[in-house]
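Written out below as structure tokens is the structure these notes cover.
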Amino acid sequence: MKSANQKNNVSLLFAVFALLTLLMLATRTHHFASFNSLPSASIAIFFLAGMYLRNMKAFWFFYILSVTIDLASSYYRGQFGDCITTSYPALVLSYGAMFVVGYYSKPNWQSSSWQINIIKVTLALFIASSIAFFISNGSYYALSGKFPVLSWAEYATRVDKYYFRSISNPVFYVITAVVIDFTVSHFFTDKAIDTNAKVTGKR
-11 MKSANQKNNV SLLFAVFALL TLLMLATRTH HFASFNSLPS ASIAIFFLAG
39 MYLRNMKAFW FFYILSVTID LASSYYRGQF GDCITTSYPA LVLSYGAMFV
89 VGYYSKPNWQ SSSWQINIIK VTLALFIASS IAFFISNGSY YALSGKFPVL
139 SWAEYATRVD KYYFRSISNP VFYVITAVVI DFTVSHFFTD KAIDTNAKVT
189 GKR
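Numbering follows the working numbering, with no gaps: position 149 of the sequence shown is 137.
Okay, structure coming up:
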């Protein structure tokens, strides 16, 4: 039974890994195709990778994948544009914040009520998205070289313009993942436990 559970866990982790990879390829490649109207899922992917994959190798895989996509799109366009500047390396800190906060906010449907889990994930996502925004947006403003005259007033206008959109981007993806997680945990896991209990009782 333990071996079967381990195989199920490995299969589930592989499925999550594959889905997150496809999601990044499907949304971050808007650099290549203007018809792709899906919002970038990159921030959400790092949050979900921390929450469910919980492995630094997964973090570095998705970071390298994101850089590869950006470099490939720059080569495809024939220019770096606004995507890659001297502030670009700071993105690893933004993604790292999402991954770490996601790691510590994984829902536990068996030990806590669904309301507590939803509140925990919501607060964690808001905090992580805010940290990621100020790292990426602030570093771009200060280090990209595209703003020769720096001022707090101008930066405040950038925050006002981009902050809400930035922190709302990952919401759809994270909510979808949490709903699926709850459904699988509540209906399928509980059903499997009940079935195992009945089989054990018969023996």
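Each residue gets a CB set at the ideal place from its N, CA and C atoms; glycine is no exception. Remember, predicted model here, so these are calculated numbers, not experimental data.
Query raised in the report: How is the alpha helix (DSSP H) around G38 delimited, first residue to last?
Result: As a working note, residue 38 is residue 50 in the sequence shown. Segment: none, G38 is in no alpha helix (DSSP H) and carries neither H nor E.
Query - CB of A116 within 8 Å of CB of M86, strictly - result: Numbered from its first residue, the sequence shown carries residue 116 at position 128. Numbered from its first residue, the sequence shown carries residue 86 at position 98. Yes. Within cutoff.
**Report entry** Host alpha helix (DSSP H) of F175 (start-end)
**Finding:** In the sequence shown, counting from the first residue as 1, residue 175 sits at position 187. Premise fails: F175 is in no alpha helix (DSSP H) and is neither H nor E.
**Report entry** G133 (DSSP reduced to helix, strand or coil)
**Finding:** Here residue 133 refers to the residue found at position 145 of the sequence shown. Three-state DSSP puts G133 in coil, outside helix and strand.
Query raised in the report: Smallest Cα separation from Y128: which of L111, T110, A112, V147?
Result: Mapped onto the sequence shown, residue 128 falls at position 140. Here the closest residue by C-alpha is V147.
Query raised in the report: Taking buried to mean at least 16 other C-beta atoms within 10 Å of its own C-beta, is M12 buried or exposed?
Result: For the purposes of this step, residue 12 is identified with residue 24 of the sequence shown, where counting begins at 1. When all chains shown are included, M12 counts as buried.
**Report entry** First through last residue of the alpha helix (DSSP H) which encompasses I155
**Finding:** If you number the sequence shown from 1, residue 155 lands on position 167. Membership of I155 in the alpha helix (DSSP H) is indicated by the continuous run 140 to 156.
Query - Close beta carbons around V166, own chain, < 7 Å, minus the five adjacent residues each side - result: Mapped onto the sequence shown, residue 166 falls at position 178. Counting only Cβ-Cβ distances below 7 Å, and skipping sequence neighbours, we find P95, V109.
Query raised in the report: Is DSSP giving R42 helix, strand or coil here?
Result: Within the sequence shown, numbered from 1, the residue matching residue 42 stands at position 54. Note: R42 maps to coil in three-state DSSP.
Requested in this report: Grab the span of the alpha helix (DSSP H) containing A85 for me, first residue to last.
Outcome: Your numbering for residue 85 matches position 97 in the sequence shown. Start and end: 79 to 91.
Query - Any non-hydrogen atom of the ligand COA closer than 7 Å to I57 Cβ - result: The ligand content of the structure shown is nil, which means the ligand COA is not present either.
Query raised in the report: Between S54 and G90, what straight-line distance do the alpha-carbon atoms span, to the nearest angstrom?
Result: The count along the sequence shown starts at 1 and reaches residue 54 at position 66. The count along the sequence shown starts at 1 and reaches residue 90 at position 102. Distance between the alpha carbons of S54 and G90 is about 18 Å.
Query raised in the report: With burial defined as no fewer than 16 other Cβ atoms inside 10 Å of the residue's Cβ, what is the status of L59: buried or exposed?
Result: The count along the sequence shown starts at 1 and reaches residue 59 at position 71. L59 should be labelled exposed.
Query raised in the report: Would you call the CB atoms of V29 and T15 closer than 8 Å?
Result: Mapped onto the sequence shown, residue 29 falls at position 41. Mapped onto the sequence shown, residue 15 falls at position 27. Here the sequence assigns Ala to residue 29, which means Val is not the residue at that position. In this structure, T15 lies closer than 8 Å to A29 by Cβ.
Query - Of the listed residues A32, A6, V(-2), nearest to I155 (C-alpha basis) - result: As a position in the sequence shown, residue 155 is number 167, starting the count at 1. Closest by alpha carbon: A32.
Report task. Count the other C-beta atoms from every protein chain shown that fall within 10 angstroms of the C-beta of S(-1), then say buried if there are 16 or more, exposed otherwise. Result -> Indexing the sequence shown from 1 puts residue -1 at position 11. By the 10 Å Cβ count, S(-1) comes out exposed.
**Report entry** Local conformation of S100 per DSSP, three classes
**Finding:** By 1-based counting over the sequence shown, the position of residue 100 is 112. It is coil, neither helix nor strand.
Query - T74 in three-state terms, based on DSSP - result: The residue you call residue 74 lines up with position 86 of the sequence shown. If DSSP states are grouped into helix, strand and coil, T74 belongs with coil.
Query raised in the report: Tell me which same chain residues have a C-beta within less than 7 Å of the C-beta of M39, skipping the five on either side of it?
Result: Here residue 39 is taken as the residue at index 51 of the sequence shown, counted from 1. Excluding residues within five positions, the ones whose Cβ falls inside 7 Å are G90, Y91, S93, K94.
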